[in-house]
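So the sequences go chain by chain: A and B. No gaps in the numbering here: position 219 of the first sequence is 219 in the working numbering, and each next residue is one more. Numbers in the working numbering are just positions in the second sequence, counted from 1, shifted up by 1000. The beta carbon of each residue, even a glycine, is placed where N, CA and C say it ideally should be. As the structure is a computational prediction, the values presented were derived from the model and not from experiment.
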Amino acid sequence: MQPSTGNAAPYRWDADPILLVEHLFMRFGGLVAVNDLSFNVGRGDITALIGPNGAGKTTVFNCITGFYKPSEGRLVLGHGRAPTPEEVATVTAHGERALVGSDAAVYLLERMPDYRVSGEAKVARTFQNIRLFTGMTVLENLMVAQHNALMSASGYSLKGLFGLPGWRAAQRTATEKAQYWLDKVGLTDRADDPAGDLPYGAQRRLEIARAMCSDPILLCLDEPAAGLNPRESLELNTLLRAIRAEHNTSILLIEHDMSVVMEISDHVVVLDYGTKIADGTPEAVRNDPRVIAAYLGVDEDAVEEVEAEIEAEIATGAQS
Amino acid sequence: MAVQLAESPPAATQPPATPPAQTTAADTNSAFGHALKDTLITGLIALGLLGPLVGFETVVRDTGAGSALGLAYRPVVVAVMVAIIMVGRLVLNLTVWSPNRVVKTRSGPSVFDRMGTAVGPVVKPALFAFAVAFPLLAAMLMGGLNESRYLIDLGILILTYVMLGWGLNIVVGLAGLLDLGYVAFYAVGAYTYALLATSAPINEFFSGLLGETFWANWAFWICLPIAGIFSGLWGMILGFPVLRLRGDYLAIVTLAFGEIIRLVLINWVDFTGGGAGIASIPRATFFGVPFTAGEDGFAALFGLEFNPMHRIIFLYFVILALALITAFATVRLRKLPVGRAWEALREDEIACRSLGINTTNTKLSAFATGAMFGGFAGCFFAVRAGFVSPESFTFDISAMILAIVVLGGMGSQIGVAVAAAVMLGGMEMLRNLGFLKQIFGNDFDPSLYRMLIFGFAMVAIMVWKPRGLVSTREPTIFLKERKAVSGDLVKEGHG
């Protein structure tokens, strides 16, 4: 357990949250995929959302990024600083999507369509099964990610059609940014190759680079280490740490690879059957009996029993 | 290798060498037998099919009391066709389909692709130069302006379809939205010009202001942009409810919209003239100078002898310019964020939305841009023909344009141009199959087989080049080297 630094807010995710998930429900017909889920994502933290298969992790992601409209609940995203309860109450009461001030902005993500969540609220995401533009080159993928900025620079195509200098400068800046990210994920040599030709690990890195090209303040990664070999996992850890340290971007990730989760995350939220069963530092979560039970698949009460059984089996195995 | 052979005794090397040779011979024999058997079966099937279908011919017999309809049989034609099928099948069985054939594992680009990259840089300038010089070439070839009318008319027709193909290419090839009702926008453009140019109130308004002949002389040049904008507007109006659909559903609804526009044109008699259409639409002018024999006509102004072909050649250059504007705009748009968003939309719509791209607006912009070029082409159609009627805007035209886009290779400019030339030019060439009469006799009418041959050609292209004539995609931006993207990686879009 991390020692508490103050009485009121011991953890960063409570003191300075970037995203507040409040009483989130998602129902598909009779199935409750997410059941009264509340948690905070700290600004500058790497937060991991874990849980057994079918626990509702990706559903939560889809709600946060606007691909699903939650059945109930509130998703508050704060730019600049943590949103105050008064601000949140004002936005909620006025039925608006966002309250944008000079130094800070509050967005209610559940009220926004998916493209606004990424375009305005600056929440970028990657997908569990990689979704690259396979027929476009690596560089083009990164240029598409800067669509909104380039679109206004091209005067909604009018300036661009005549090749005015303002547009050309914007295009150059965008290419430089793409090059920076290519360099960061080690794909500079393959910039002119089609994205579909890249090996799997490189496609994962490219998807992260593409998401970062849209200048997110919160990056949501859906199983970024899936299908990676140990060396690639290690590189991923380094990349994610670098993103957090250098780019003022908080990270929320779904992951099954515990080496990634335990190594890099500051905060772990555990879901099981759509309900939160644990929320805390990696150490705290790792030792939580309910988490162990969820992963081993038994009732809460039977956890100790199962542990004893396993130990007994190991003992008998050693004897025979 | 030689050393090993010399060292090993001859008896030891012999046995392993012979059995493969024997089996190969046996394989060849059985393969030949199989091929023969297959050929015979195919011949029987062909005989069964062609015997009644091709063999019988209706003839008019003169039976003393008057002529009556009767049946005749033409065994020679059937025999020739069956023989062609059997020989073709045999050759295929022994070569391409032979079990002994070693399948070449292809590494890298195919012959076509390499050929494409080798001649690629030359093709565009060469085609452009040919298009510009075409009227002159036609006149020289046919020996006179008036004699070249047929060729130049064909050139105008081909260029109209090139332009329509390029316009539809934005919607289908770039944005991946299957639009089966593209002819609707062609019709909107044509009727916009026809209605505005023949409108009495507008004519009166301008004759009071700028002279009697002003509207007749300038209508085309004023209506051309209006027709494009109006078609684009209709593209948005139709697109808005349609674009939440995907794939097959989108295709069917666009097909229906194409038909709705045509049916409205037929039934709204007061406004559009109904099935009778609109006639005596003002002709194109040389920027206000009419192509007439009179004092203020084009010929008199330039000191030429009056010739009606001046107008036709001028029309040729107008449609060439319009088509080139379409191509230029498309090439330019592809390199802009909106064009990249269209292509990204074709690749993966969900990923687009996760990057903040408003997919509805992007689809609408593709639909409207494509429709706008269709409108320009429609306006040109009306001014060329001088007459519009709903008959000119049937589904056939949509299907033809779509076939051009698919054959040319979706998203490719040069492919679409070549496909349009091949489809329309080829169709016309097939009218001139007179030499076949020497084979099948004087009663044989080759033009009847035009569509059949055309169908075969289409199937052949789809078998060998399933992604169209130009199947690679040119990247819109590059760091070091422009590498074409293989068609296998490029998606076709799902609507």
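- For A:ILE130, the secondary structure class from DSSP, reduced to helix, strand or coil, is coil.
- Contact check for B:SER1231 and B:MET1372: beta-carbon distance about 6 Å, within the 8 Å limit, so the pair qualifies.
- Interface with chain B (8 Å Cβ-Cβ cutoff): A:THR59 is excluded.
- A straight-line Cα-Cα distance of about 42 Å links A:LEU139 and B:TRP1097.
- DSSP assignment within the stretch 1141-1175 of chain B yields the following whole alpha helix (DSSP H) runs of 4 residues or more, N-terminal first: 1149-1169.
- Distances from the alpha-carbon of A:ALA245 to those of A:ILE217, A:ARG205, A:ALA284 and A:MET262 put A:ILE217 closest.
- Beta-bridge analysis with DSSP links A:PRO194 to A:THR137.
- For the 8 Å CB-CB criterion, B:ILE1170 and B:ALA1366 form a contact.
- With contact defined as three or more Cβ pairs closer than 8 Å, the stretch 129-146 of chain A and the stretch 1343-1354 of chain B are in contact.
- Contact check between the stretch 1217-1230 of chain B and the stretch 1193-1202 of chain B: three or more CB pairs, one atom from each, fall below 8 Å, which counts as touching.
- Under the 8 Å criterion on CB atoms, A:ALA145 is classed as interfacial with respect to chain B.
- Note that the C-beta distance between B:LEU1071 and B:VAL1060 is not below 8 Å.
- Taking 8 Å as the cut-off, the Cβ atoms of A:TYR295 and A:PRO85 do not count as close.
- Assignment of beta-bridge partners to B:PRO1475 by DSSP yields no partner.
- One thing to note: B:LEU1180 has its Cβ within 8 Å of the Cβ of B:GLY1258.
- Taking C-alpha positions only, B:THR1213 is separated from B:ALA1194 by approximately 17 Å.
- Close to chain B, meaning a Cβ-Cβ distance shorter than 8 Å, are the following residues of the stretch 127-140 of chain A: PHE127, ARG131, LEU132, PHE133, THR134, GLY135, MET136, THR137, LEU139 and GLU140.
- At least one C-beta of chain B is nearer than 8 Å to the C-beta of A:MET151.
- Contact between the stretch 1303-1323 of chain B and the stretch 1451-1465 of chain B is absent: fewer than three C-beta pairs spanning the two stretches fall below 8 Å.
- Looking at A:ASP36, A:VAL285, A:LEU221 and A:LEU239, the one whose alpha-carbon comes closest to that of A:ASN129 is A:LEU221.
- Relative to B:GLY1275, the option among B:ILE1281, B:ARG1262 and B:PRO1282 whose CA is nearest is B:ARG1262.
- Of all alpha-carbon atoms in A:GLU96, A:MET212, A:ARG43 and A:HIS147, the one lying nearest the alpha-carbon of A:SER265 is that of A:ARG43.
- For A:SER265, the three-state secondary structure derived from DSSP is coil.
- Of all residues in the stretch 1335-1347 of chain B, only LEU1336, PRO1337, VAL1338, ARG1340, ALA1341, GLU1343, ALA1344 and GLU1347 place a beta-carbon less than 7 Å from a beta-carbon of chain A.
- Looking at the backbone, the Cα of A:LEU271 and that of B:GLY1408 are separated by about 52 Å.
- Under the three-state reduction of DSSP output, B:MET1372 falls in the helix class.
- In the three-state reduction of the DSSP assignment, A:HIS79 falls in the strand class.
- Assignment of B:VAL1054 by DSSP, reduced to helix, strand and coil, places it in the coil class.
- For the set A:GLY196, A:SER214, A:VAL291 and A:ASN248, the Cα lying nearest the Cα of B:VAL1490 is the one of A:GLY196.
- Among the residues of chain A, none has a CB under 7 Å from the CB of B:VAL1172; the nearest is roughly 15 Å distant.
- Residues of the stretch 62-84 of chain A whose Cβ lies closer than 9 Å to any Cβ of chain B, in chain order: THR65, GLY66 and PHE67.
- Counting of Cβ neighbours within 10 angstroms places A:HIS94 among the exposed residues, the total staying below 16.
- DSSP, reduced to helix, strand and coil, places A:THR90 within a helical segment of the structure shown.
- For the stretch 1473-1484 of chain B, residues whose beta-carbon sits nearer than 8 Å to a beta-carbon of chain A comprise ARG1473, PRO1475, THR1476, ILE1477, PHE1478, LEU1479, LYS1480, GLU1481, ARG1482 and LYS1483.
- Using a C-beta cut-off of 8 Å, the stretch 71-80 of chain A makes contact with the stretch 96-110 of chain A, since at least three inter-stretch Cβ pairs fall below that distance.
- Across the structure, B:ALA1046 and B:VAL1082 are spaced so that their CA atoms are roughly 6 Å apart.
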